[in-house]
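In the numbering used here, the protein residues as written are 1 to 144.
Presented below is the structure to which this report refers.
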């Protein structure tokens, strides 16, 4: 098999794997490295030099491009410090029922909440905040 065909196969396989694993930036670097090695094969340079070029270019592209790509592909992440509420306890000010969210006041703010196990919880029950889902807290009754 001609080395040019091998490098084209490696580049195409890397691109296909990248397409299948959307957004993860897994192996696009190998496609670029394979193209560089393919150029060297086309120039009829030694096979060992082609493999060196493949690894050097793949690693170089990954080290240079990945941090930039990760920064731009991450999207707008807005830190709200709401995660600090997880693990805190609070007193329900409104019942949690299957038909409606409950309410609680924590750190001076009123929050909507639901129970972690979808079970009703009565007003004036102490709850622990287990997670945050959008604008509502997910809570669990504290067994006392």
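Cβ atoms here follow ideal geometry from the backbone N, Cα and C, with glycine treated the same way.
Remember, it's a predicted structure, so these values are computed and weren't measured experimentally.
- By the neighbour-count criterion, in which a residue is buried when 16 or more other Cβ atoms sit within 10 angstroms of its Cβ, residue 20 is exposed.
- Non-local beta-carbon contacts of residue 94 in its own chain, meaning distances under 7 angstroms to residues more than five positions away in sequence, involve 102, 103 and 123 in chain order.
- Within the same chain, 98 come within 8 angstroms of residue 118 by CB-CB distance, once the 5 residues on both sides are set aside.
- Looking at the backbone, the Cα of residue 55 and that of residue 33 are separated by about 7 angstroms.
- Nearest to residue 107 by C-alpha distance, out of 4, 90 and 64, is 90.
- In the structure shown, residue 115 falls within a strand segment according to DSSP collapsed to helix, strand and coil.
- The beta carbon of residue 136 sits closer than 8 angstroms to those of 101, 111, 112, 113 and 114, all from its chain and outside the five residues before and after it, given in chain order.
- Excluding sequence positions up to five before and after residue 30, its CB lies within less than 7 angstroms of the CB of 10, 14 and 58, all in the same chain and listed in chain order.
- Looking at the backbone, the Cα of residue 12 and that of residue 39 are separated by about 15 angstroms.
- Leaving aside the five residues that flank residue 35 on each side, the residues in its chain whose CB is nearer than 6 angstroms to its CB run, in chain order, 11.
- Listed in chain order, the non-local C-beta contacts of residue 41 below 7 angstroms within the same chain comprise 3, 4, 7 and 50, local neighbours out to five positions each way being set aside.
- Taking a C-beta distance under 8 angstroms as the contact criterion, residue 86 and residue 129 qualify as a contact pair.
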